[in-house]
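First the structure, in the form of structure tokens, and then the observations on it.
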Ligand SMILES: Nc1ncnc2c1ncn2[C@@H]1O[C@H](COP(=O)(O)OP(=O)(O)OP(=O)(O)O)[C@@H](O)[C@H]1O
Ligand SMILES: [Mg+2]
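In my numbering, the protein residues as written are 1 to 263.
Okay, structure coming up:
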């Protein structure tokens, strides 16, 4: 079995909003292996973004432990968290988050340029020629070779999300997190984005974790984690390698009509 790259143990996350406590995550324990292709499913408000933020070192748990790449995030100070995020994690957002004034090549290259300017550069791609070769290769891999010099506004939604995928991979991260990457796309385009993420997962061995509402997209993952009200009601691997419907949450699953081994 491959190595565990992400592990959450008894994680709770409480938000305080106008003196009201919101328990966004109640008792989350899960393991993700290196090279996994994972979907996090569940209705609005179930805690998907909160989990991605904890894994992405954007936020820390209220209690419990989050271990990313062997490091317990609650033990790290802000600088170390930023470094872990920068070195190991690529992000893809629902709204693409491209920079409008930069063309496609510049958008994809930007993390590398910022990295080269910082002390302790992580990418090890320092020469301009190597950088260009890698950026061009990624843009070609996402099928946008003929759009390199276009601005994001000149692309379709699906094409913009392809650029965001290339940008997420430019630092060669071990992990890519995508929060509802297909939500703003029609279903055929969403399907093609999913195939592209799968292709990148297989080509680079990158661990992909994406959240989604779409049942068809959920089913394409190898490892499916289903949330409801801040709890895991299902955690299974499609190939059956370590299929597990968590006994502790079985009751919740039954109450919501979700059966073990099925979505
Ligand atoms: N910054 C915050 N302050 C207060 N409450 C929050 C905050 N962020 C999220 N929540 C609450 O935590 C719960 C989980 O939110 P989260 O954003 O993780 O859900 P989600 O599954 O991503 O939903 P969606 O599908 O709508 O994106 C919700 O009840 C939400 O209102
Ligand atoms: Mg969300």
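Glycine is no exception: its CB is placed at the ideal position from the N, C-alpha and C atoms. All figures in this text were calculated on a predicted structure; none of them were measured in a lab.
Non-local beta-carbon contacts of residue 148 in its own chain, meaning distances under 6 angstroms to residues more than five positions away in sequence, involve 104, 105 and 139 in chain order. Of the heavy atoms belonging to ligand 2, none sits nearer than 7 angstroms to the Cβ of residue 189. Taking 3 residues as the shortest admissible run, the segment 147-224 contains the following complete beta strand (DSSP E) segments, listed from N- to C-terminal end: 175-179 and 207-212.
Counting C-beta atoms within 10 angstroms of its own C-beta, residue 22 has fewer than 16 neighbours from the protein chains shown and is therefore classed as exposed.
Any heavy atom of ligand 2 within less than 7 angstroms of a residue's beta carbon puts that residue on the list, which reads 48, 49, 179, 180 and 211.
For the pair of segments examined, the segment 95-114 was found not to touch the segment 49-61: the number of CB pairs separated by less than 8 angstroms stays below three.
Under the DSSP definition of a beta bridge, residue 70 lacks any partner. If only complete runs of 4 or more residues are kept, the segment 12-87 shows the alpha helix (DSSP H) at 48-55, in order along the chain. The alpha-carbon of residue 154 is positioned some 24 angstroms away from that of residue 200.
Restricting attention to 62, 44, 42 and 73, the CA atom closest to the CA of residue 55 is found in 73.
In this chain, the alpha helix (DSSP H) harbouring residue 109 covers 104-117.
In the three-state reduction of the DSSP assignment, residue 126 falls in the coil class. With fewer than 16 other Cβ atoms inside 10 Å of its own Cβ, residue 16 counts as exposed. For residue 236, the three-state secondary structure derived from DSSP is strand.
Pairwise C-beta distances place the segment 34-45 in contact with the segment 220-235, as three or more of them are shorter than 8 angstroms.
As the crow flies, the alpha-carbon of residue 80 is around 10 angstroms from that of residue 57. If the five residues before and after residue 209 are omitted, its C-beta is found closer than 6 angstroms to the C-beta atoms of 38 and 177, all from its own chain and listed in chain order.
One Cα belongs to residue 113, the other to residue 151, and the distance between them is close to 18 angstroms.
Taking residue 85 as reference, the option from 93, 68, 94 and 108 with the minimal CA-CA separation is 68. The three-state secondary structure of residue 92, taken from DSSP, is strand. When DSSP states are grouped into helix, strand and coil, residue 229 belongs to the coil group. Between residue 182 and residue 212, the C-beta gap is smaller than 8 angstroms, which places the two residues in contact. Residue state for residue 3 is assigned as coil, using DSSP reduced to three classes.
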